[in-house]
Amino acid sequence: MENQKKINNKKSSEKNTLKKTKKVFQKSKKEFDNSEKKYSLKQNLENNENFSRKTEKLFDTEKPLKQSRGAEKRQNKSTQQRPENSIFEKPKRNTRNIESSRRKENTKNFKSKNSKEEIRLNKFISNSGVCSRRDADILISTGLVKVNGKIITTLGYKVNKNDKVVVDGNEIKSEKKVYLILNKPKDTITTTDDPTGRKTVMDIVKNACKERIYPVGRLDRNTTGILIFTNDGDLSKRLTHPSHKIIKVYQVTLDKNLTSEDLKSISNGVKIDDDFVEIDDIAWVEKGKKNIVGIQIHSGKYHVVKRIFEKFGYNVIKLDRTMFGPLTKKNLPRGTWRFLTEEEISILHRL
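Just so we're aligned, residue 2 is where the sequence shown starts under this note's numbering, counting upward by one.
What follows is the structure in structure tokens.
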């Protein structure tokens with residue numbers, strides 16, 4: 002009997018536990034269903050609201066279409082606002098500001114161009130062939146020079162080609178540019194004037210033109226070959242400045258034959274005065290005469306060719322410059338000169 006009671010009690014307790022579990026499960030299921038309904042309802046409402054917003058934006062023609070971020074940034078930077086009734090209409094350009102900026106730019110370019118053409122008054126007088134710059138300074142300081150009707154006594158005063166310059170009652174004008182080439186002979190000094198009375202290169206070309214011209218660079222007294230003359234100061238500076246690397250070709254006669262080893266060493270470059278001198282090219286001129294060499298360089302160092310060979314124990318007996326940039330001495334006998342052609346002048350200006 003007691004065992005039967007225990008069994009019945011155990012069954013009843015299990016039934017009660019099962020009922021409680023079912024109630025808890027049903028309650029939780031009901032809560033879950035309610036929450037799911039609420040969530041789905043909320044989501045549907047949000048979706049409907051988003052859809053309605055998109056629909057309003059799509060069909061609302063009174064508002065501009067949505068722009069990209071880049072367009073929004075550009076629009077925020079701009080101070081101009083687009084009219085509400087024309088979504089695709091571009092804003093009008095501020096032509097007044099554009100024209101004013103163009104005028105400023107043109108004025109700036111005009112000023113810079115004019116300032117570049119201005120030169121010192123003493124140089125203007127010297128270029129006209131009246132006298133040297135030093136003598137021009139004396140004329141200016143003594144009040145004998147007028148610019149546009151006004152007496153100028155200030156040294157360093159600048160003028161341009163449109164100014165009217167009068168020296169001691171005579172009007173002078175800016176001279177035309179002259180370019181010529183000379184095949185320089187031996188025993189001639191590259192200078193405009195020699196106090197001791199030695200023969201100069203200017204003695205050879207003195208009757209070439211009325212303009213005052215000068216040699217471009219220099220050649221030693223016994224060095225022969227190409228020498229350019231001009232009154233174009235800008236071109237002269239370009240042709241002589243090392244940064245432009247204008248090539249020069251020389252024919253060199255040595256006191257002895259140049260060995261193959263020394264020729265190869267020279268072709269690799271030579272150090273002179275702590276500077277490395279590049280050799281563009283070097284070769285024997287004739288197979289049978291190894292003491293006559295052709296060398297091409299672009300260095301402008303003083304006595305550079307002689308010093309290159311002296312570095313290897315050779316003395317230069319003769320030195321002839323056969324080429325300067327694009328110019329050669331072809332068909333130009335020693336001691337004669339000629340004017341450069343328009344094509345040659347154009348090539349020199351492009352170097």
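Note that the Cβ used here is the ideal one computed from N, Cα and C, for glycine as well. Everything numeric in this text was worked out from a predicted model, so none of it was measured.
Asked                                                                                                                                                           : Found
Under a three-way DSSP split, which group does Val286 fall into?                                                                                                : coil
Determine the extent of the beta strand (DSSP E) in which Glu172 is found, giving its start and end residues.                                                   : 171-173
Can you tell which of Thr231, Leu220, Ile205, Asp204 has its C-alpha closest to the C-alpha of Glu212?                                                          : Thr231
Spell out the partners DSSP gives Thr201 in its beta bridges.                                                                                                   : Ile190
Tell me whether Ser113 sits in a helix, a strand or coil according to DSSP, three-state version.                                                                : The predicted position of Ser113 is uncertain, since its pLDDT is 40 and thus under 50; a value taken from the coordinates is nonetheless stated next. Of the three classes helix, strand and coil, the one that applies to Ser113 here is helix, per DSSP.
Please classify Met234: does DSSP put it in a helix, a strand, or coil?                                                                                         : The amino acid at residue 234 is misidentified as Met; the sequence shows Gly. Gly234 falls in the helix class under three-state DSSP.
Ile227 and Arg322: beta carbons closer than 7 Å?                                                                                                                : yes
For the beta strand (DSSP E) that contains Arg339, what are its first and last residues?                                                                        : 338-340
Looking only at C-alpha atoms, which of Leu259, Ile248, Gln297 sits nearest to Gly289?                                                                          : Leu259
So, at 6 Å on beta carbons, what are the nonlocal neighbours of Glu90 in its own chain, with the 5 sequence-adjacent residues on each side left out?            : Confidence at Glu90 is low in this model, with a pLDDT of 44, below 50, so the placement of that residue should be treated as unreliable; the coordinate-derived value is given next. Cβ neighbours of Glu90 beyond the five flanking positions: none.
Between the segment 303-315 and the segment 246-262, can you find at least three pairs of beta-carbon atoms closer than 8 Å?                                    : yes
Report back the beta-carbon spacing between Lys178 and Asp233 to the nearest angstrom; my notes put them in contact at under 8 Å.                               : 5 Å
Can you tell me whether Lys265 is helix, strand or coil according to DSSP?                                                                                      : helix
Find out if the Cβ-Cβ distance for the pair Val250, Met324 is shorter than 7 Å.                                                                                 : yes
To which residues does DSSP link Gly270 through a beta bridge?                                                                                                  : None; Gly270 has no bridge partner.
Please classify Asn208 as buried or exposed, where buried requires at least 16 neighbouring CB atoms within 10 angstroms.                                       : exposed
How many Å lie between Lys114 and Leu220 at the Cα?                                                                                                             : Low per-residue confidence applies at Lys114: pLDDT is 43, beneath 50, and the placement is therefore not dependable enough to give any value.
For Asp281, which residues of its own chain have a beta-carbon under 7 Å away from its beta-carbon, when the five flanking residues on both sides are left out? : Ile248, Gln297, Ile298, His299
Is the CB of Arg322 under 7 Å away from at least one CB in chain C?                                                                                             : This model lacks chain C altogether, as it is built from one protein chain only.
Which residue comes first and which comes last in the beta strand (DSSP E) that contains Ile153?                                                                : Premise fails: Ile153 is in no beta strand (DSSP E) and is neither H nor E.
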